[in-house]
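K.L.:
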Amino acid sequence: MDIKRVCVYCASSTIIAPVFVDHAIKLANILADNNIHLVFGGSRTGLMGILADQINERGGTTVGIMPEFMKEVEWHHENLTEMIWVDTMARRKEVMIEDVDAVITLPGGCGTMEEFMETLSLKRLGLFTKPMIILNSDNFYNPLIDLLEAMLRENFLGPKHRQMWEVVDKPEDIISAINNSTTWDSSAQDFALVD
Ligand code: AMP
Numbered sequence: 021m022d023i024k025r026v027c028v029y030c031a032s033s034t035i036i037a038p039v040f041v042d043h044a045i046k047l048a049n050i051l052a053d054n055n056i057h058l059v060f061g062g063s064r065t066g067l068m069g070i071l072a073d074q075i076n077e078r079g080g081t082t083v084g085i086m087p088e089f090m091k092e093v094e095w096h097h098e099n100l101t102e103m104i105w106v107d108t109m110a111r112r113k114e115v116m117i118e119d120v121d122a123v124i125t126l127p128g129g130c131g132t133m134e135e136f137m138e139t140l141s142l143k144r145l146g147l148f149t150k151p152m153i154i155l156n157s158d159n160f161y162n163p164l165i166d167l168l169e170a171m172l173r174e175n176f177l178g179p180k181h182r183q184m185w186e187v188v189d190k191p192e193d194i195i196s197a198i199n200n201s202t203t204w205d206s207s208a209q210d211f212a213l214v215d
């Protein structure tokens, strides 16, 4: 698959363990070196800022999507290839996944989880069809993976839904996980309901 553009969900927090910073920097290098454009939340803070700074330094392309109110509180990154301002948080999530080839979820808080879960729900309904990769840095996402497995086990998700996401332990495995992801299309609607 020719990967041109990926959306990354990740933390706004700046008080994070070095392993998460290290993984964000490694991912940034991989994206920049492969000329894969980053679409992200547009913040200068946390893993978002680290990712964007490193891609910029390496000559890559960074596209931030931000609701206008975040400009007022000055959370925005000042030095991106492109910043797209939107009216609402809801619109931001729509724009973030337009025309991307994959979505990657790095460690983060409730904002990251909300974005991941909304996109996963759209995928279940066949409204989003691209690979979704969870970077399980330092086993941070083990509880999420357990929850998703429990959803499958208890039939809140159907067996085919297991193919909606891939989990990798290190940034170096993200590209191959995208390339090896199960193909998905709008026919997912036919089995969205578990009955
Ligand atoms: P969180 O994981 O709660 O830190 O939220 C980070 C995710 O939610 C990012 O992927 C952003 O798209 C969005 N977000 C939450 N807080 C901010 C912020 N201060 N600046 C920019 N984006 C944010």
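Residue 21 is where the sequence shown starts when you use my numbering, and the numbers rise one by one after that. For glycine and all other residues, C-beta sits at the position ideal for the given N, C-alpha and C. Quick caveat: nothing in here was measured; it's all calculated off a predicted structure.
(1) As a quick check of your reading: which residues have a C-beta less than 5 Å from at least one non-hydrogen atom of ligand 1, in chain order?
(2) Could you check the C-alpha separation between residue 30 and residue 38 for me, to the nearest Å?
(3) Spell out a yes or no on whether the region 131-145 and the region 113-120 are touching, meaning 3 or more CB-CB pairs, one atom from each, closer than 8 Å.
(4) Identify, in the order they occur along the chain, each residue of the same chain with its Cβ nearer than 8 Å to the Cβ of residue 112, setting aside the five sequence neighbours on each side.
(5) Between the Cα of residue 95 and those of 197, 181, 34 and 180, spot the shortest distance and give me the residue it belongs to.
(6) In whole angstroms, what separates the C-alpha of residue 76 from that of residue 182?
(7) Report yes if the CB atom of residue 188 is closer than 9 Å to the CB atom of residue 148, and no otherwise.
P.N.:
Reading from the atomic positions:
(1) 29, 31, 32, 61, 63, 95, 128, 129, 130, 131 and 132
(2) 15 Å
(3) yes
(4) 61, 85, 86, 87 and 106
(5) 34
(6) 35 Å
(7) no
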